[in-house]
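**Q**
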């Protein structure tokens, strides 16, 4: 799909939702590309972005898609800087899927170089090495992400990938211990500990964080903002916690549409903030955004039809 937006009108998105037709015009005026911004985190969100891009590519009318990815899951392991949610989007949009080879991880295990609880493929190790090298040479996370996106030709597909912030931000789960509480990185909480009950989550670095270049503009200037299906506490919620992002969403003239995440896996994170694992309870976390909510099985076409 290629989506057209009237430069002088908010109406008339027939080509947007997959209905057949010629490119729309308003009088004699050529339509400009529709600007879609997606806020995402986690693999379900990355899959939604992939489906959206595929849907847009199949349409004859143009769309510009900006993807704002959570970086609260970022972590340093083996001396490498990793950005799992950014990389999930990159992997989802890659023309050649990762073959899953893990010879590097197996060799690290054989050498007893830990931790061994974080799964990585050889391709992911290459990405982490490149990111770490570029950061070491003074590049910002936004610049690193742009280089990785360029490697995949995302701009040619009308896609711009942005980290939520260039300031390092890491999410930790606070757990009750026998004698005192301890905080563990959310990746360790998930992959090694299996999401035990957490008393709360803390986001180290959020007090210094600012939206990365282009993030606020992508929200303010959008015609449509999509909240991809993701954890409202540990993925989408972290992005909205960056100073300025939630305010930009409140103030945008764009339609805001959220896709309800699958609730079965969200119990541990929702319990930590006292929220029931129901669609209504999740939607209430975004009440101030005046978003329209769709069920978890909604497709990009369903979301676009709301415009």
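In this note's numbering, the protein residues as written are 7 to 313. Even glycine gets a Cβ: it sits at the ideal position worked out from N, Cα and C. Note that the coordinates shown come from a computational prediction; the quantities given were computed from them, not determined experimentally.
According to DSSP, simplified to helix, strand and coil, what is residue 264?
**A** Note: residue 264 maps to strand in three-state DSSP.
**Q** Given residue 247, which residues of its chain have a CB within under 7 Å of its CB, disregarding the five upstream and five downstream residues?
**A** Cβ neighbours of residue 247 beyond the five flanking positions: 209 and 212.
**Q** Look up residue 34 in the DSSP assignment and say whether it is helix, strand or coil.
**A** Residue placement at residue 34 cannot be trusted, given a pLDDT of 40 that sits under 50; what the coordinates show is reported in the next sentence. Of the three classes helix, strand and coil, the one that applies to residue 34 here is coil, per DSSP.
**Q** Taking the straight line between their C-alpha atoms, what separation do you get for residue 196 and residue 38?
**A** Near 43 Å, if we compare the C-alpha coordinates of residue 38 and residue 196.
**Q** Residue 291 lies in the alpha helix (DSSP H); which residues open and close that run?
**A** From DSSP, residue 291 is part of no alpha helix (DSSP H); its letter is neither H nor E.
**Q** Looking at the unbroken beta strand (DSSP E) that takes in residue 298, where does it start and where does it end?
**A** Residue 298 -> beta strand (DSSP E) spans 298-300.
**Q** Using CA atoms only, rank isn't needed, just tell me which of 250, 258 and 239 is closest to residue 290.
**A** Considering only alpha carbons, the answer is 239.
**Q** In the DSSP assignment, the beta strand (DSSP E) including residue 166 goes from what residue to what residue?
**A** Looking at the DSSP string, the run of the beta strand (DSSP E) that includes residue 166 is 165-169.
**Q** Hey, would you say residue 130 sits closer than 8 Å to residue 93, going by beta carbons?
**A** The answer is yes: Cβ separation under 8 Å.
**Q** Note down the Cα distance separating residue 295 from residue 174, rounded to an integer number of angstroms.
**A** Straight-line Cα distance between these residues: approximately 26 Å.
**Q** Where DSSP assigns a beta bridge to residue 188, which residues make up the other side?
**A** DSSP output for residue 188 lists 181 as bridge partner(s).
**Q** Considering only their Cβ atoms, is the gap separating residue 206 from residue 190 smaller than 8 Å?
**A** No. Outside cutoff.
**Q** Inspect the beta-carbon positions of residue 198 and residue 123 and report whether they are closer than 8 Å.
**A** Taking 8 Å as the Cβ cut-off, residue 198 and residue 123 qualify as a contacting pair.
**Q** Quick one: Cα of residue 285 to Cα of residue 271, how far?
**A** Each residue's alpha carbon lies about 13 Å from the other.
**Q** Would you please state the rounded distance, in angstroms, between the beta carbons of residue 293 and residue 254? I believe it to be under 8 Å.
**A** Residue 293 to residue 254, Cβ: 17 Å. No contact.
**Q** On the CB-based measure, 16 or more other CB atoms within 10 Å of its CB, does residue 25 come out buried or exposed?
**A** Only weak support exists for where residue 25 lies, its pLDDT of 36 falling under 50; the value from the coordinates is given anyway. Per the 10 Å Cβ criterion, exposed.
**Q** Roughly how far, in whole angstroms, is the beta-carbon of residue 231 from the beta-carbon of residue 262, given that I think they are within contact range, below 8 Å?
**A** Residue 231 to residue 262, Cβ: 5 Å. Contact.
**Q** One question on the structure: do residue 46 and residue 72 come within less than 8 Å of each other, judged by their Cβ atoms?
**A** Result no, Cβ atoms of residue 46 and residue 72 do not sit closer than 8 Å.
**Q** Taking only three categories from DSSP, how would you classify residue 212?
**A** Helix, per DSSP.
**Q** May I ask which residues mark the beginning and end of the alpha helix (DSSP H) holding residue 241?
**A** From DSSP, residue 241 is part of no alpha helix (DSSP H); its letter is neither H nor E.
**Q** Shortest alpha-carbon distance to residue 214 belongs to which of 250, 151 and 304?
**A** Closest option to residue 214, Cα to Cα, is 250.
**Q** Do residue 223 and residue 164 have their C-beta atoms closer together than 8 Å?
**A** Taking 8 Å as the Cβ cut-off, residue 223 and residue 164 do not qualify as a contacting pair.
**Q** Could you please give me the residues that DSSP links to residue 82 through a beta bridge?
**A** Answer is 87, bridged to residue 82.
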